Amino acid sequence: WAVWGGGTYKFNEKTSFNLQASADDWKNVGVAANVAYDIVPGFTVTAEVDYLHAGKFDEGSTDNVAWTPADKKNSVGGLLRFQRSF
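Counting in this note's numbering, the sequence shown runs from 723 upward without gaps.
Take a look at the structure:
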């Protein structure tokens, strides 16, 4: 089994907070959170933080298919995106 969910909260016309989370029966958990800000119409800057907990990371099971190239059981990452719409 697996479950995904997420949502958005708009602080104002230009700023929104987005959160997504996932989990599965292999005890994998993922969370992504970002803040998107519209600088001007058509130009958005988004800062994001991501977290991954690889539940069966160290198990030598044949059913443990790696869906991510994580090299640690717990990983944190982030990105800064500049998006222009024409």
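All residues carry an ideal CB built from backbone N, CA and C; glycine is no exception. Only a predicted model underlies this, so the values are computations on that prediction, with no experimental measurement involved.
Could you tell me the alpha carbon to alpha carbon distance between residue i and residue j, rounded to whole angstroms?
{"i": "Phe733", "j": "Asn740", "result": "11 Å"}
{"i": "Val667", "j": "Ser738", "result": "The question about residue 667 has no answer, for the chain in this structure spans 723 to 808."}
{"i": "Asn756", "j": "Val725", "result": "20 Å"}
{"i": "Ala745", "j": "Pro763", "result": "35 Å"}
{"i": "Glu766", "j": "Tyr773", "result": "It should be noted that the sequence gives Thr, not Glu, for residue 766. Between Thr766 and Tyr773, the C-alpha separation is close to 23 Å."}
Compare the C-alpha of residue i against each of the options and name the closest.
{"i": "Phe804", "options": "Tyr773, Val751, Lys736, Asp760", "result": "Asp760"}
{"i": "Ser797", "options": "Phe808, Ser807, Ala776, Arg806", "result": "Ala776"}
{"i": "Thr730", "options": "Gln742, Val762, Trp723", "result": "Gln742"}
{"i": "Asn750", "options": "Leu801, Glu735, Trp723", "result": "Trp723"}
Please tell me whether residue i and residue j are closer than 8 Å, where the distance is taken between their beta carbons.
{"i": "Trp748", "j": "Lys794", "result": "no"}
{"i": "Gly727", "j": "Glu770", "result": "no"}
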